[in-house]
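Novice: Residue numbers (the numbering used here): 71 to 227. Sharing a structure here in structure tokens format.
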């Protein structure tokens, strides 16, 4: 990831936006903040908006962990080391992901996210956004709390 060798998609705008935002992995507090590794704000940096951002990031991380747990349960091959050619592992994982999604769809549990596409002007330097993880996180915080809010985001645990 540090060398940029992950073949991630090019930055794209969030729904209803024009500013380019890099794709990123979701991490917890133990990891460093990087442009492709988004982590929550520290407890001593919290505002209401940042707390809501942390909540959204935590929900996303829990969803990913839950999805991996369901996939591991459905496909026992993932309960141990995958014993096959490393070249085939990528195809196996992709096939399991597709099968998992099909199973969810036909069980009636497919969830399609809803976005609020209202535009609120936020001008930031696009090049700076792609490189500075703090600016990326602030932009995502603004987006999640003003442009794509969820009804209960301000209820803090």
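By construction, the Cβ of each residue, glycine as well, lies at the ideal position given by its N, Cα and C atoms. This structure is a prediction, so every number in the text was calculated from the model and none was measured.
With a threshold of 16 other CB atoms inside 10 Å of the CB of residue 138, please say whether the residue is buried or exposed.
Specialist: In the assembly as shown, residue 138 is an exposed residue. Its beta-carbon has fewer than 16 other beta-carbons within 10 Å.
Novice: Check the C-beta distance from residue 134 over to residue 209 and give it rounded, since I have them as a contact under 8 Å.
Specialist: A Cβ-Cβ separation of about 21 Å leaves residue 134 out of contact with residue 209 under the 8 Å criterion.
Novice: When the Cα atoms are used, what is the spatial distance from residue 214 to residue 77?
Specialist: 26 Å
Novice: Ignore the nearest five residues each way along the sequence and tell me which others in residue 204's own chain have a CB closer than 6 Å to its CB.
Specialist: none
Novice: Any idea which residues DSSP pairs residue 83 with across the strands?
Specialist: BP columns for residue 83 point to 90.
Novice: Could you give the DSSP three-state label for residue 127: helix, strand or coil?
Specialist: helix
Novice: Ignore the nearest five residues each way along the sequence and tell me which others in residue 109's own chain have a CB closer than 7 Å to its CB.
Specialist: 97, 98, 99, 101, 103
Novice: Rounded to a whole number of angstroms, what is the C-alpha to C-alpha distance between residue 156 and residue 115?
Specialist: 42 Å
Novice: Output the distance between the C-alpha atoms of residue 173 and residue 118, rounded to the nearest integer angstrom.
Specialist: Computed Cα separation, rounded: 38 Å.
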